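Asker: Chains S and Y are the protein sequences, given in the same order.
Each residue of the first sequence is one higher than the one before, starting from 144 at the first, in the numbering used here.
Each residue of the second sequence is one higher than the one before, starting from 1356 at the first, in the numbering used here.
Yeah, the Cβ is synthetic: ideal placement off N, Cα and C, and Gly gets one too.
None of the values given here were measured: they were computed from a predicted structure.
The structure's right below; bear with me while I get my questions together.
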Amino acid sequence: MTISRNARLLLASLLGVGLAFIYVPLSVVIINSFNASKTFSWPPSQFTTMWWSKAIENTGVREALKWSVLAGLSATAIALVLGTCLAFAVSRYQFFGREVISLLVVLPISLPGVVTGIALNNAFTKQLGMSTGLLTVVIGHATFCIVIVYNNAIARLRRMGTSLQEASMDLGANGMTTFRLITLPNLASALFAGGLLAFGLSFDEIVVTTFTAGPGIQTLPIWIYNNLFRPNQAPIVNVVAATLVVLSIVPIYLSQRLSQDTTTGGRF
Amino acid sequence: MLNSLSNYFHKKQRLRLIALLTTPVLWLVVAYLGALAMLLVTAFFTINSFTGNVIQQFNLGNFQDMLTDVAYKNVFLRTLGIAISVTLICSVLAIPMAFYMAKITGPRSQKILVALVLTPLWASYLVKIYAWRTMLEPGNGVLDWLLGPIGIHSPGFGGPAIVIGLSYLWLPYMILPIYAGLERLPNNLLDASGDLGAHNFYTFRKIILPLIFPSLVAGSMFTFSLSLGDYITAQIIGGKLQMLGNVVYQNFSINLPFAATIAMIPVSIMALYLYLVRRTGALASM
Chain S
144 MTISRNARLL LASLLGVGLA FIYVPLSVVI INSFNASKTF SWPPSQFTTM WWSKAIENTG
204 VREALKWSVL AGLSATAIAL VLGTCLAFAV SRYQFFGREV ISLLVVLPIS LPGVVTGIAL
264 NNAFTKQLGM STGLLTVVIG HATFCIVIVY NNAIARLRRM GTSLQEASMD LGANGMTTFR
324 LITLPNLASA LFAGGLLAFG LSFDEIVVTT FTAGPGIQTL PIWIYNNLFR PNQAPIVNVV
384 AATLVVLSIV PIYLSQRLSQ DTTTGGRF
Chain Y
1356 MLNSLSNYFH KKQRLRLIAL LTTPVLWLVV AYLGALAMLL VTAFFTINSF TGNVIQQFNL
1416 GNFQDMLTDV AYKNVFLRTL GIAISVTLIC SVLAIPMAFY MAKITGPRSQ KILVALVLTP
1476 LWASYLVKIY AWRTMLEPGN GVLDWLLGPI GIHSPGFGGP AIVIGLSYLW LPYMILPIYA
1536 GLERLPNNLL DASGDLGAHN FYTFRKIILP LIFPSLVAGS MFTFSLSLGD YITAQIIGGK
1596 LQMLGNVVYQ NFSINLPFAA TIAMIPVSIM ALYLYLVRRT GALASM
């Protein structure tokens, strides 16, 4: 198929429109964080960096950031262990119910967050008599993070094959040595990408968190949500939002550098 | 000691498999499926209208209420309409973008474009919807300022705003599978079609579209299912409009059994959708 100049131009402009659709709102968030006006006004008449220094000093934001990082790291650690175990089992063994596992593992991110959220809240507080807190948030987040690690690990394990492991065993290394010197180093970048994605997912999660956090814990998304409609907090919310937009470049940069088989982020 | 343990495990295939599977499967079955099953059971309970306590007595009252009350039927149809519109808008926007990325541009700019499409996936969900609040603000929003001079005005907060916001959120989820599908599509198929005299649009309709259909379905899994259960977008830019998720959210604290009943709607639609998708074989291409 030869694509005519006109068709090329049309497609390029459609791409441009699509990218503008994606990036105009994000740019507005960043510009707005320097907007001197205390209430929303567009276009900004004056610019200031005052809100940035106020946001850095804001104790609510700091506290929320602490909870988000804590919950994200714990959930990622659990997901890394459980997801890798599952990936090994499914890619290296034949057993009854293998297909069911791949379905079971995607279920938590396929079903609406509000369903997962009220199901977990009901189970934790009504059936098990637990009080909501960091533990329940971590359990909730880990549940939907497992699939991310699993997808990344299983893609790498399938590509790796077993010949390297067999060679290592033939040369006299036992199972543990082979795992330590052959399997793990080959798997490491996929696990890193998976862990990064899992952390990102947990860091951004709001719905399941709403139902599992209880009043004592405010993660960053919950803090944003709670302050979204408070007019005097708007400048601080703008700064937090702009920071999150700018930070989203970091994981993309890292994952593009690190792995080839996860350019789509392992979500597909 | 550690070595002998390692040797022991290597010899016992079954034992190793069991060691690998036990914890994750228990986690998913107990923490997740268990919770879902209990929610399903709760949907058949009812509450004491004075104390608000859940009465554990099996009945179909909630389902009856849900099916007979016209308000819920409207919310259901609206949610379904929104999810379908979002899926269609995302497909229409994504196909030309993915096509340009996969088939027209060079490898260097290809990599940059993929990164440009991926980056917003990492920007916070709430931030993106908040951004659209400032975009759509009627009167002094960015959209009115930007497009007002050419006669396009913000639709304000409501149904169209929800569709725009959700399409914005899930667009990358549609672009990426289509892009991956187009990358796998051999160029010589397109050349052959062109050599045989087909016009570009004819080639698109008869060759490209059928071959990337599984990718479209894979993308729609995200755009459709994520829209179906959303309630936060409706809260922030939906004005007074409610989606199924909002009904679940509101009933959660006052009438959990009814919230559970409503929650079964998106769950069963997704189950049906997954079943249909499985039959097209699109799951394998995800």
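Any idea what DSSP makes of Y:Ile1507, helix, strand or coil?
Answerer: Residue 1507 of chain Y sits at position 152 when you count from the first residue of the second sequence. Looking at Y:Ile1507 - three-state DSSP - the assignment turns out to be coil, as it is neither helix nor strand.
Asker: Please list, in chain order, all residues of the same chain as Y:Pro1510 whose beta carbon is under 8 angstroms from its beta carbon, the five residues on each side excluded.
Answerer: Reading the second sequence from its first residue, position 155 is the one you call residue 1510 of chain Y. The answer, listed in chain order, is Leu1491, Ala1516, Ile1519.
Asker: Identify each residue in the stretch 281-309 of chain S for which the Cβ-Cβ distance to at least one residue of chain Y is less than 8 angstroms, and report them in chain order.
Answerer: Listed by position along the chain: Ile282, Ala285, Thr286, Ile289.
Asker: With three or more C-beta pairs closer than 8 angstroms as the rule, is the stretch 302-321 of chain S touching the stretch 251-260 of chain S?
Answerer: In short, these stretches do not touch, since the Cβ pair count stays below three.
Asker: Where do the ends of the alpha helix (DSSP H) carrying Y:Arg1369 lie?
Answerer: What you label residue 1369 of chain Y is simply residue 14 of the second sequence in a count that begins at 1. Residues 1368-1381.
Asker: In chain Y, which residues lie less than 8 angstroms from S:Pro394 when you measure between Cβ atoms?
Answerer: Along the first sequence, one-based indexing puts residue 394 of chain S at 251. Ordered by position in chain Y, the residues that pass the 8 angstroms Cβ test against S:Pro394 are Trp1477.
Asker: To the nearest whole angstrom, what separates the beta carbons of Y:Leu1531 and Y:Leu1566, a pair I think is in contact under 8 angstroms?
Answerer: Locating residue 1531 of chain Y in the second sequence gives position 176, counting from the first residue. Locating residue 1566 of chain Y in the second sequence gives position 211, counting from the first residue. With 8 angstroms as the limit, Y:Leu1531 and Y:Leu1566 do not qualify as a contact, their Cβ atoms being about 17 angstroms apart.
Asker: Determine the chain S residues that contact Y:Lys1483 at a beta-carbon separation under 8 angstroms, and present them in chain order.
Answerer: Numbered from 1 along the second sequence, position 128 holds the residue referred to as residue 1483 of chain Y. By Cβ distance, chain S contributes Pro168, Leu169.
Asker: Assign Y:Thr1401 to one of three DSSP states: helix, strand, or coil.
Answerer: Numbered from its first residue, the second sequence carries residue 1401 of chain Y at position 46. DSSP places Y:Thr1401 in strand when its eight states are reduced to three.
Asker: At a CB-CB cut-off below 9 angstroms, which residues of chain Y make contact with S:Pro251?
Answerer: Taking the first sequence and counting its residues from 1, the one referred to as residue 251 of chain S is at position 108. Leu1383, Tyr1387, listed in chain order.
Asker: Taking the straight line between their C-alpha atoms, what separation do you get for Y:Gly1434 and Y:Gly1600?
Answerer: Here residue 1434 of chain Y refers to the residue found at position 79 of the second sequence. Here residue 1600 of chain Y refers to the residue found at position 245 of the second sequence. Strictly speaking, residue 1434 of chain Y in this sequence is Thr, with Gly absent from that position. If you take the alpha carbons of Y:Thr1434 and Y:Gly1600, they lie about 9 angstroms apart.
Asker: Show which residues of chain Y have a CB atom less than 8 angstroms away from the CB atom of S:Gln361.
Answerer: Residue mapping note: residue 361 of chain S aligns to position 218 of the first sequence, counting from 1. Within 8 angstroms Cβ-Cβ: nothing; S:Gln361 doesn't reach chain Y, min ~13 angstroms.
Asker: Indicate whether at least one CB of chain Y lies closer than 7 angstroms to the CB of S:Phe231.
Answerer: Your numbering for residue 231 of chain S matches position 88 in the first sequence. For S:Phe231, the answer is yes, since a Cβ of chain Y falls inside 7 angstroms of its Cβ.
Asker: Determine, using beta carbons only, whether Y:Phe1568 comes closer than 7 angstroms to chain S.
Answerer: For the purposes of this step, residue 1568 of chain Y is taken as the residue at position 213 of the second sequence. No, because no Cβ of chain S sits closer than 7 angstroms to the Cβ of Y:Phe1568.
Asker: Any chance you could list the alpha helix (DSSP H) runs of at least 4 consecutive residues sitting entirely within the stretch 153-218 of chain S, in chain order?
Answerer: Complete alpha helix (DSSP H) runs here, min 4: 193-200.
Asker: In terms of residues, what are the limits of the alpha helix (DSSP H) holding S:Glu242?
Answerer: One-based indexing of the first sequence puts residue 242 of chain S at position 99. Start and end: 241-253.
Asker: Would you mind telling me which residues of chain Y sit closer than 8 angstroms to S:Phe177, beta carbon to beta carbon, in chain order?
Answerer: Position 34 of the first sequence, counted from the start, is the residue given in the question as residue 177 of chain S. Going along chain Y, no residue has its Cβ under 8 angstroms from S:Phe177, so there is no contact; the nearest lies around 14 angstroms.
Asker: In the stretch 1448-1529 of chain Y, which residue ranges form an unbroken alpha helix (DSSP H) of at least 4 residues, counting only runs that do not cross its ends?
Answerer: Segments of the alpha helix (DSSP H) lying fully in the stretch 1448-1529 of chain Y: 1462-1477, 1480-1491, 1497-1502.
Asker: Under 7 angstroms between the Cβ atoms of S:Pro168 and Y:Ala1398?
Answerer: The residue labelled residue 168 of chain S in the question sits at position 25 within the first sequence. The residue labelled residue 1398 of chain Y in the question sits at position 43 within the second sequence. Not a contact, by the Cβ cut-off of 7 angstroms.
Asker: With 7 angstroms set as the bound, which would you pick, yes or no: does the beta-carbon of Y:Gly1600 sit closer than that to a beta-carbon of chain S?
Answerer: Numbered from 1 along the second sequence, position 245 holds the residue referred to as residue 1600 of chain Y. Answer yes: the Cβ-Cβ gap between Y:Gly1600 and chain S drops below 7 angstroms somewhere.
Asker: Below 8 angstroms on the Cβ atoms is my guess for S:Ala218 versus S:Cys288; work out the distance and round it to an integer in Å.
Answerer: Locating residue 218 of chain S in the first sequence gives position 75, where the first residue counts as 1. Locating residue 288 of chain S in the first sequence gives position 145, where the first residue counts as 1. That belief holds up - the Cβ atoms of S:Ala218 and S:Cys288 are roughly 5 angstroms apart, short of 8 angstroms.
Asker: On the three-state DSSP scale, how would you describe Y:Asn1410?
Answerer: Looking up residue 1410 of chain Y in the second sequence gives position 55. First, the residue type needs correcting, since residue 1410 of chain Y is Ile and not Asn in the sequence shown. Here Y:Ile1410 sits in strand by DSSP.
Asker: Measure the beta-carbon distance from S:Asn265 to Y:Met1393 and round it to whole angstroms, keeping in mind my assumption that it falls under 8 angstroms.
Answerer: As a first step, residue 265 of chain S must be located in the first sequence, where it is residue number 122. As a first step, residue 1393 of chain Y must be located in the second sequence, where it is residue number 38. With a Cβ gap of about 6 angstroms, S:Asn265 and Y:Met1393 count as contacting.
Asker: Give a yes or no on whether the minimum CB-CB distance between Y:Asn1414 and chain S is below 7 angstroms.
Answerer: Position 59 of the second sequence, counted from the first residue, corresponds to residue 1414 of chain Y. Judged by the 7 angstroms Cβ criterion, Y:Asn1414 is not in contact with chain S.
Asker: Going by DSSP in three states, Y:Pro1532 sits in which element: helix, strand or coil?
Answerer: Position 177 of the second sequence, counting from 1, holds the residue named residue 1532 of chain Y. In the structure shown, Y:Pro1532 sits in a helix (DSSP, three-state: H, G or I).
Asker: Please tell me whether S:Ala341 and S:Ala296 are closer than 7 angstroms, where the distance is taken between their beta carbons.
Answerer: Locating residue 341 of chain S in the first sequence gives position 198, counting from the first residue. Locating residue 296 of chain S in the first sequence gives position 153, counting from the first residue. Cβ distance not < 7 angstroms, so S:Ala341 and S:Ala296 don't count as in contact.
Asker: In whole angstroms, give me the CA-to-CA distance for Y:Ala1449 and Y:Asn1555.
Answerer: Locating residue 1449 of chain Y in the second sequence gives position 94, counting from the first residue. Locating residue 1555 of chain Y in the second sequence gives position 200, counting from the first residue. Straight-line Cα distance between these residues: approximately 18 angstroms.
Asker: Quick check on S:Arg205: buried or exposed, where buried means 16 or more other Cβ atoms within 10 Å of its Cβ?
Answerer: Counted from its first residue, the first sequence places residue 205 of chain S at position 62. S:Arg205 should be labelled exposed.
Asker: For the alpha helix (DSSP H) that contains Y:Asp1420, what are its first and last residues?
Answerer: On the second sequence, residue 1420 of chain Y is found 65 positions in, with the first residue counted as 1. 1416-1423 is the extent of the alpha helix (DSSP H) around Y:Asp1420.
Asker: If I follow the unbroken alpha helix (DSSP H) through S:Val351, where does it start and stop?
Answerer: Counting from 1 along the first sequence, the entry for residue 351 of chain S is found at position 208. Element bounds for S:Val351: 350-356.
Asker: Could you have a look at Y:Asp1585 and say whether DSSP puts it in helix, strand or coil?
Answerer: Numbered from its first residue, the second sequence carries residue 1585 of chain Y at position 230. Reduced to three states, the DSSP call for Y:Asp1585 is coil.
Asker: Does DSSP classify Y:Leu1642 as helix, strand or coil?
Answerer: Residue 1642 of chain Y is absent from the structure shown; chain Y starts at 1356 and stops at 1641.
Asker: For S:Leu387, which residues in the same chain have their Cβ closer than 6 angstroms to its Cβ, ignoring the five residues on either side in sequence?
Answerer: Within the first sequence, the letter at position 244 stands for residue 387 of chain S. The answer is none, since no qualifying residue turns up.
Asker: Compare the C-beta of Y:Leu1537 with all C-beta atoms of chain S and state if any pair is closer than 7 angstroms.
Answerer: Indexing the second sequence from 1 puts residue 1537 of chain Y at position 182. It does not: the Cβ of Y:Leu1537 has no partner Cβ on chain S nearer than 7 angstroms.
Asker: Looking only at its own chain, which residues have a Cβ that is under 8 angstroms from the Cβ of S:Gly161, when we skip the five neighbours before and after it?
Answerer: The residue labelled residue 161 of chain S in the question sits at position 18 within the first sequence. Taken in chain order, the list of residues that qualify is empty.
Asker: Give a yes or no on whether the minimum CB-CB distance between S:Ser332 and chain Y is below 7 angstroms.
Answerer: Taking the first residue of the first sequence as 1, we reach residue 332 of chain S at position 189. It does not: the Cβ of S:Ser332 has no partner Cβ on chain Y nearer than 7 angstroms.
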